[in-house]
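Count along the sequence shown starting at 1, add 130, and that's the number in this note's numbering. Ideal Cβ placement from N, Cα and C applies to all residues, glycine included. If you're wondering where the values come from, they're calculated on a predicted model, not measured in any experiment.
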Amino acid sequence: LQEADPPRQAIAISVPVEAGDSGAPVVDAAGRVRGVVIRRTRTGGGIAERATELRQLMAEEGVAPGAGVAGEEFRAGME
């Protein structure tokens, strides 16, 4: 993300990103969150903020991450 101060790494995603997808989790095949969609690109894919950046922000704000129902349902669906 060149416009960020300081610039930071992000995840380029090739799956279709539609209006309203911002904030959606980007997950891997094991159901682990790798990032959160922050914008759509001209090619129809998108850019996601890395989970590492999000975890740091959560820690700074005193928010503790944990397993939830959505993750369990996703992993069950992938099986």
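Worksheet entry | Cβ pair Val167, Ala160 closer than 9 Å | Walking along the sequence shown from the start, residue 167 turns up at place 37. Walking along the sequence shown from the start, residue 160 turns up at place 30. Going by C-beta atoms, Val167 is not nearer than 9 Å to Ala160.
Discussion item. In the DSSP output, what is Gly176 paired with across the bridge?
Written reply: Indexing the sequence shown from 1 puts residue 176 at position 46. The partner list for Gly176 (beta bridge, DSSP) reads Ile143, Arg170.
Worksheet item: Would you call the CB atoms of Ala181 and Val193 closer than 9 Å?
Response: Position 51 of the sequence shown holds residue 181. Position 63 of the sequence shown holds residue 193. No, these two residues do not count as a Cβ contact at 9 Å.
Worksheet item: Around the Cβ of Gly153, are there at least 16 other Cβ atoms within 10 angstroms (buried) or fewer (exposed)?
Response: Against the sequence shown, residue 153 aligns to sequence position 23. It is exposed - the Cβ of Gly153 has fewer than 16 other Cβ atoms within 10 Å.
Worksheet item: Is the Cβ of Met208 closer than 9 Å to any Cβ of chain C?
Response: Absent from the structure is chain C; it holds one protein chain and no more.
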